[in-house]
Ligand SMILES: C[S@@+](CC[C@H](N)C(=O)[O-])C[C@H]1O[C@@H](n2cnc3c(N)ncnc32)[C@H](O)[C@@H]1O
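In this note's numbering, the protein residues as written are 664 to 862.
In structure tokens, the structure reads:
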């Protein structure tokens, strides 16, 4: 059954305001862990100059497909199965990638893998936008994020809020550099990574 996220409804506008700038010159975006598809449908409608490619872990693909298929958005591609652990990843020609609220759900080795795969997919100048709660220099940015992290770890010891410093170190290995860090409502952030090979 198609699911619905209140949080995605609340955060889609502030995220889009940044994506309108960052993706202004992009033509093909791969979204990883699209969830309900609310972001995909909303962003594709506004960013009509590009193609939005949603993807999901195979176990959660049906609901995503249902939502995307009910929307007649011509630049919203048919959702594809994609598990971060897949080897190989599908062969896609993309110049941007996006993921929301996934880095604190998947394990740290999977986060590293995600950066490896996105880093190899993107061409020079490619943009990778990651949205969610993040820590700064080893500190939670709010009490509510600290509580959220404790709840995540109680449910799954491998999950938890990631630190921008750790992500920056990992991203750099794959020529992805932190270009901007946008604080957004509810103690979330939108981190913009840019692939730069020729430094
Ligand atoms: C908290 S939800 C976020 C969904 C959506 N992006 C949003 O912001 O509303 C985390 C998503 O990560 C997906 N996910 C978890 N493990 C994954 C994996 N190994 N590969 C791909 N997606 C995964 C889940 O299926 C789920 O849709």
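Idealized CB from N, CA, C, for every residue including glycine.
In terms of residues, what are the limits of the alpha helix (DSSP H) holding residue 846?
Stepping through the chain shown from its first residue, residue 846 is reached at position 183. From DSSP, residue 846 is part of no alpha helix (DSSP H) but of the beta strand (DSSP E) over 839-847.
Cβ shell of residue 736 (< 7 Å), same chain only, five flanking positions each side left out
Numbered from 1 along the chain shown, position 73 holds the residue referred to as residue 736. Answer for residue 736: 704, 707, 708, listed in chain order.
C-alpha gap between residue 682 and residue 777, whole angstroms
Position 19 of the chain shown holds residue 682. Position 114 of the chain shown holds residue 777. Using only the alpha carbons, I get a separation of about 20 Å.
Measure the alpha-carbon distance for residue 788 versus residue 731 and round it to whole angstroms.
Residue numbering aside, residue 788 sits at position 125 when the chain shown is read from its first letter. Residue numbering aside, residue 731 sits at position 68 when the chain shown is read from its first letter. Taking the straight line from one Cα to the other gives about 29 Å.
Reference residue 780; option with closest CA among 750, 855, 723, 824
Numbered from 1 along the chain shown, position 117 holds the residue referred to as residue 780. Nearest of 750, 855, 723, 824 to residue 780, Cα basis: 750.
Looking only at C-alpha atoms, which of 783, 806, 821 sits nearest to residue 693?
Counting from one through the chain shown, the residue named residue 693 turns up at place 30. Considering only alpha carbons, the answer is 783.
Should residue 833 be labelled buried (16 or more other beta-carbon atoms within 10 Å of its own) or exposed?
In the chain shown, residue 833 corresponds to position 170, counting from 1. With 16 or more other Cβ atoms within 10 Å, it is buried.
If you scan the region 672-728 from start to end, which runs of the alpha helix (DSSP H) of 4 or more residues do you find wholly inside it?
701-709
Which full runs of the beta strand (DSSP E) of 3+ residues lie inside the region 735-818, going along the chain?
759-763, 790-795
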